[in-house]
Structures are given as structure tokens and as C-alpha cells.
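Residues 69 to 323 in our numbering are what the sequence shown spells out, letter by letter.
In this text, a Cβ means the ideal position worked out from N, Cα and C, and glycines have one as well.
A quick write-up on the structure given underneath.
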Amino acid sequence: MINFVGAGPGAADLITVRGKELLEQADIIIYAGSLVNPELLKYAKESCEIYNSASMTLEEVAETMIRGEREQKNIVRLHTGDPAIYGAIREQMDILDEHGIEYKVCPGVSSLFGTAAALKAEYTLPDVSQSVIVTRMAGRTPVPEKESIESFAAHHATMVVFLSTGMLGELSKRLIDGGYEPETPAAIVYKATWQDEKVVRTTVKDLEKSAKENNITKTALITIGDFLGSKYDRSKLYDHSFSHEFRAAKETERS
Ligand code: SAH
Numbered sequence: 069m070i071n072f073v074g075a076g077p078g079a080a081d082l083i084t085v086r087g088k089e090l091l092e093q094a095d096i097i098i099y100a101g102s103l104v105n106p107e108l109l110k111y112a113k114e115s116c117e118i119y120n121s122a123s124m125t126l127e128e129v130a131e132t133m134i135r136g137e138r139e140q141k142n143i144v145r146l147h148t149g150d151p152a153i154y155g156a157i158r159e160q161m162d163i164l165d166e167h168g169i170e171y172k173v174c175p176g177v178s179s180l181f182g183t184a185a186a187l188k189a190e191y192t193l194p195d196v197s198q199s200v201i202v203t204r205m206a207g208r209t210p211v212p213e214k215e216s217i218e219s220f221a222a223h224h225a226t227m228v229v230f231l232s233t234g235m236l237g238e239l240s241k242r243l244i245d246g247g248y249e250p251e252t253p254a255a256i257v258y259k260a261t262w263q264d265e266k267v268v269r270t271t272v273k274d275l276e277k278s279a280k281e282n283n284i285t286k287t288a289l290i291t292i293g294d295f296l297g298s299k300y301d302r303s304k305l306y307d308h309s310f311s312h313e314f315r316a317a318k319e320t321e322r323s
């Protein structure tokens, strides 16, 4: 059996209980060495074969899985954050399907949420934004034209930008071209939940400058929007005058 497992955003204790158990049972672990915390490998059995996929091709990863399956081994493919976000898991699954090999997915805490925790922020504030746009700038991997930063910026929703730390000048320009005020709050979170995490609060126009001042060139998420500001409406769900399935409205004012 092959399990794709989300390692979480960085801190080793942010893997799920299930993910940890799968690591403990694994005979083979193939981990994404560029971003998975190597501390997680301490959960592996002494006899476990460990491979760092950073130096492997898709075919080499697949061959290792197929060989392990033939030997009836427990295999864990350990991806950073949650495997569903920029995890390149689909191409691996398609190869396994071609070979009739079964697999499961164990979710993980994405850096999307590690970053919100580092910021102590809520992405979905009433009357500010009720949507989160998760995207990236085009790099070696292209982004479909209809998903341009400008078109997303026009929504003024909360935006979280992956894989773009080296292109912040262009990101600012596109956000402003798309309709963001240059002074809109933004934040750069480097290595969220790791020991050397850095949180830099800035504005849309100063993204590149702020990253430079803090020597941040990679492994960061850029968040943009008024969820980083101070104005919002309180939630209806906890409002004293609002009844719902589990609670009747109260007459008294909130103290
Ligand atoms: N599947 C991962 C994302 C993989 S893409 C997830 O769910 O988090 C790799 C990109 O994710 C990095 O270039 C960076 O933009 C972001 N990233 C990964 N871990 C991060 C962390 N701890 N803090 C900030 N950004 C991170």
C-alpha cells in the first residue's frame, strides 16, 4: 500500500496523528527534501529505507514505489504541507493507476494555514472578504491566462500567493494594475511554523523592498488584503441577537 502523506508546514509536531502512525509503519519513505522537516524522519523504523525526492525524477520516484509494492512493503510518499496544493501528486497517482497499484491520501496542514497562524489572522472576515484566492505567479510552470493576478486582484478578496517570492516587484505591479490600492496591507511569511519563521507586515507596493530588507528570497507565502487591516464586522453566528439551530437570541446586550 502506498500512502501520500501531508507533512504539515514545518514544525514536526504539526503532522497529523494518522500521518505520524503511517511514518512509524513505513518500510519505505520518499520525502520531498526541499521543504519537509527532516525531524519527521525520526518517526521511521530503523530498517526503513529513506529516499529524498529532491534529487529524483518522477520516473525514479515511481520505480521506487512500484518496486516497494512488489515487495509488499508499506510505502509513504511524504509531501510538504497538504499534498493537494502544488504537490504534483496527480502525475504519481496516474502512474500507479496504470500499474493497478492502490494508494490513499492522508491530508496535512498546508502552509496556507501555517501562515494564517503565524499572522494570528482570519482570512474570512465578515464585511471584508468571505473568499480566499490561492494562486501563484507563472514561473517555469505556466499559469493559465484567465487566472491572471490582475483578474484575481479585481475581487479584493483575501489572496495567498505561493511560489512567487522571487518575483515580488512584478507581483506588486500586477496587483496594483488589477485594482489594489498601493497601500493595501500585505504580509510575507517566511518558513511559517519553523524555528526560523519570519513575519513581515508591509503593503502591496512595498513587497519587494520588505522581502529584501529581511533577506527573504524563497519559502514564503505572500498574503494580501484588508483581512490584515483593523476594520471588520463581528460574526452573526456569535451575535446575541441572532438565533440559530443551537442557540436562541438573547434579549440582553453583549457585555
Ligand atoms: N503543499 C505545500 C505547498 C508546496 S509548494 C503546502 O500545502 O504548503 C511550495 C511553496 O509553498 C513554497 O515555495 C512556499 O511558497 C510555500 N511554503 C511551503 N512551506 C512554507 C512555509 N512553512 N512557510 C511559508 N511558505 C511555505
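Would residue i and residue j be called neighbours here (beta carbons separated by less than 8 Å)?
i, j, result
"Tyr119", "Thr132", "yes"
"Ala79", "Thr271", "no"
"Thr252", "Asp195", "no"
"Met205", "Leu239", "yes"
"Gly155", "His167", "no"
"Arg135", "Phe72", "no"
"Ala255", "Arg269", "yes"
"Thr285", "Thr183", "no"
"Val202", "Ile157", "no"
"Ser121", "Ile97", "no"
"Cys225", "Gly246", "Before going on, a small fix: residue 225 reads as Ala here, not Cys. For Ala225 and Gly246, no; Cβs fall outside 8 Å."
"Glu137", "Ile163", "no"
"Lys214", "Pro250", "no"
"Leu193", "Val267", "no"
"Gln160", "Ala130", "yes"
"Asp81", "Glu117", "no"
"Leu109", "Ala189", "no"
"Ala288", "Thr209", "no"
"Val177", "Tyr191", "no"
"Tyr171", "Ile70", "yes"
"Gly101", "Cys174", "no"
"Glu276", "Leu236", "yes"
Does residue i pass the burial test, meaning 16 or more other C-beta atoms within 10 Å, or should it be called exposed?
i, result
"Ser323", "Because the pLDDT at Ser323 is just 46, under 50, the model does not fix this residue reliably, and the value given afterwards should be weighed accordingly. Label assigned to Ser323: exposed."
"Arg242", "buried"
"Tyr306", "exposed"
"Phe310", "exposed"
"Leu231", "buried"
"Lys259", "buried"
"Val229", "buried"
"His308", "exposed"
"Glu142", "Per the sequence presented here, residue 142 reads as Asn, with Glu not at that position. Its Cβ being crowded by 16 or more others within 10 Å, Asn142 is buried."
"Asp150", "buried"
"Glu281", "exposed"
"Val85", "exposed"
"Ser197", "buried"
"Gln140", "exposed"
"Pro77", "buried"
"Ser303", "exposed"
"Ala75", "buried"
"Glu92", "exposed"
"Glu313", "exposed"
First and last residue of the alpha helix (DSSP H) that includes residue i?
i, result
"Ala184", "179-187"
"Glu89", "85-93"
Just reading off the beta strand (DSSP E) that residue i is part of, what are its end residues?
i, result
"Ile98", "96-99"
"Val73", "70-74"
"Glu117", "117-120"
Any chance you could list the beta strand (DSSP E) runs of at least 3 consecutive residues sitting entirely within the stretch 139-185, in chain order? 143-147, 171-174
Every unbroken beta strand (DSSP E) inside the stretch 268-305 [3 residues or more]: 288-292
Going residue by residue through the stretch 196-282, where are the continuous alpha helix (DSSP H) segments of at least 4 residues, counting only ones entirely within it? 217-221, 236-245, 275-281
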